[in-house]
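Q:
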Amino acid sequence: MPELPEVYTIATDLNSYIKDYVITDLRIARGYIALPDNDTFIKEVKNQKIEKVSRIAKNILIHLENKKIIQIHLGMTGRMLLRSPKQQADKWVRILFKLENKLGTKILKFCDMRTFGKVVLLKTTSTLKNKYGPEPVDENLNTERFLEILKSKKTTIKNALLTQELISGVGNIYATDALFIAKIHPETLTKNLSYDDAINLLKSLRKVLNEGIKNRGSTLSDKMYVDIFGREGKHQNFFRIYSKNFCPTCKSKVVYKTINGRGTYFCPSCQKKK
DNA sequence: ATGTTTGTTCCGAT
DNA sequence: CATCGGAACAAACA
């Protein structure tokens, strides 16, 4: 489910609400495998204090006092839920963490319906840092570099935006809306992008991602994304063209088409292919 | 029943 | 050997 705004919301809230708690116990659901393996994971995580929670691309990183890091990728249907000790049964719980400090006890649940997500114990974040391209929200990313990265692959702009090794944090929804705002056809080959296209697209990406953050993410009709308190996001109320039938600008019928395996909405009138 | 779904990885073709 | 596109992973819903 989660793209940069959703993961940002979860990681930021976790940092505020579970920092300085100690993971006094943890349970891994039958059949679920944390990496590198469950025994190692439990041994290294148990009784560790949480120093902070951060984020790289779509990964949540829980930093422990022993300098190990829990990497959590939510895949399509992952959730992190922070509950009180005696609260409701949640669906698809894969790992349950018991957190304690002077203030009391909390339960943190990693849930994942389709299990495309993963939980990995890392020694360092360096491999992760090197794997991803810059995020559009990174102020150090300039138009020249952005365009150069996009043109380094022979593919469509839609596909390039979803390739995390090139540009990270962007997923299908925000890519779709950013291309609409920038008036770029999603099947435009990156080699055909102009400098002006790059200016508009980078600006549009920053706009939709920052709006998404401000609105605490997007929750679709399946309600799969919720924040750590189980609350829905609000950005779905501000989608430009994703899931729409008619263009908000010119009222044309929106085209829905699978591009590089992902459902894509675009306005054939406002987004001409080059 | 068939076609969808916020993501990533890996395999086969070129 | 490098690159790219698409299948596969799995579960729920319309």
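Numbering (the numbering used here), first residue to last: 807 to 1080. In this text, a Cβ means the ideal position worked out from N, Cα and C, and glycines have one as well.
1. When the Cα atoms are used, what is the spatial distance from residue 1032 to residue 817?
2. Just the C-alpha distance for residue 893 and residue 872, rounded to the nearest angstrom, thanks.
3. Could you check which residue in 963, 1006, 1017 and 1074 has the C-alpha nearest to that of residue 1068?
4. Determine the direct distance from the alpha carbon of residue 829 to that of residue 823, and round the result to whole angstroms.
5. If I follow the unbroken alpha helix (DSSP H) through residue 938, where does it start and stop?
6. Check this for me: beta carbons of residue 965 and residue 1065, under 9 Å apart or not?
7. Can you grab the Cα-Cα spacing for the pair residue 938 / residue 944, in whole Å?
8. Just list the beta strand (DSSP E) runs in the stretch 913-990, keeping only unbroken ones of 3 residues or longer that don't cross its boundaries, in chain order.
9. How long is the line joining the alpha carbons of residue 919 and residue 989, rounded to whole angstroms?
10. Would you call residue 980 buried or exposed, if buried means 16 or more other Cβ atoms sit within 10 Å of its Cβ?
11. CB-CB under 7 Å to residue 896, same chain, minus the five flanking residues each way: which ones, in chain order?
12. Jot down the residue ranges of each uninterrupted alpha helix (DSSP H) in the stretch 844-904, minimum 4 residues, whole runs only, in chain order.
13. In terms of DSSP beta bridges, what is residue 833 paired with?
14. Determine the burial state of residue 836: buried for a count of at least 16 other Cβ atoms within 10 Å of its Cβ, exposed for fewer.
15. Can you give me the C-alpha to C-alpha distance between residue 928 and residue 885, rounded to a whole angstrom?
16. Please state whether the Cβ-Cβ distance between residue 856 and residue 869 is less than 9 Å.
17. From residue 1163 to residue 922, what distance separates their C-alpha atoms?
18. Would residue 1070 be called buried (16 or more neighbouring beta carbons within 10 Å of its own) or exposed?
19. Cα-Cα, which of 942, 986 and 850 is closest to residue 1008?
20. Buried or exposed: which applies to residue 1053, given that a residue is buried once 16 or more other Cβ atoms fall within 10 Å of its Cβ?
21. Rounding to the nearest angstrom, what Cα-Cα distance links residue 1001 and residue 880 in this structure?
22. What is the DSSP secondary structure of residue 1047, reduced to helix, strand or coil?
23. Look at the Cβ atom of residue 889, then the Cβ atom of residue 912, and state whether they are nearer than 9 Å.
A: According to the structure shown:
1. For residue 1032 and residue 817, the distance between alpha carbons rounds to 13 Å.
2. If I take the Cα positions, the gap works out to 30 Å.
3. Considering only alpha carbons, the answer is 963.
4. Here the alpha carbons of residue 829 and residue 823 stand approximately 13 Å from one another.
5. Counting along the chain, residue 938 sits inside no alpha helix (DSSP H), nor does DSSP assign it H or E at all.
6. Yes, they are a contact pair.
7. Taking the CA atoms as reference points, residue 938 sits about 13 Å from residue 944.
8. Secondary structure remark: continuous beta strand (DSSP E) runs of at least 3 residues inside the stretch 913-990, in chain order: 924-928.
9. For residue 919 and residue 989, the gap between their C-alpha atoms comes out near 35 Å.
10. Answer is buried; the Cβ neighbour count reaches 16.
11. In the same chain as residue 896, and ignoring 5 residues on each side of it, the C-beta atoms closer than 7 Å to its own belong to 887, 915 and 917, in chain order.
12. The DSSP assignment places 844-851 as complete runs of the alpha helix (DSSP H) inside the stretch 844-904, in order along the chain (cut-off: 4 residues).
13. Residue 833 pairs with 902.
14. Within a 10 Å sphere around the beta-carbon of residue 836 sit fewer than 16 other beta-carbons, which makes this residue exposed.
15. The alpha-carbon of residue 928 is positioned some 20 Å away from that of residue 885.
16. Yes, they are a contact pair.
17. This structure leaves residue 1163 out entirely; the chain is present only between 807 and 1080.
18. Around the CB of residue 1070, 16 or more other CB atoms lie within 10 Å, so the residue is classed as buried.
19. The option with the nearest alpha carbon to residue 1008 is 942.
20. Around the C-beta of residue 1053, 16 or more other C-beta atoms lie within 10 Å, and the residue is accordingly described as buried.
21. When the Cα atoms are used, residue 1001 and residue 880 turn out to be separated by approximately 34 Å.
22. Assigned with DSSP and collapsed to three states, residue 1047 falls in coil, not helix or strand.
23. In this structure, residue 912 lies closer than 9 Å to residue 889 by Cβ.
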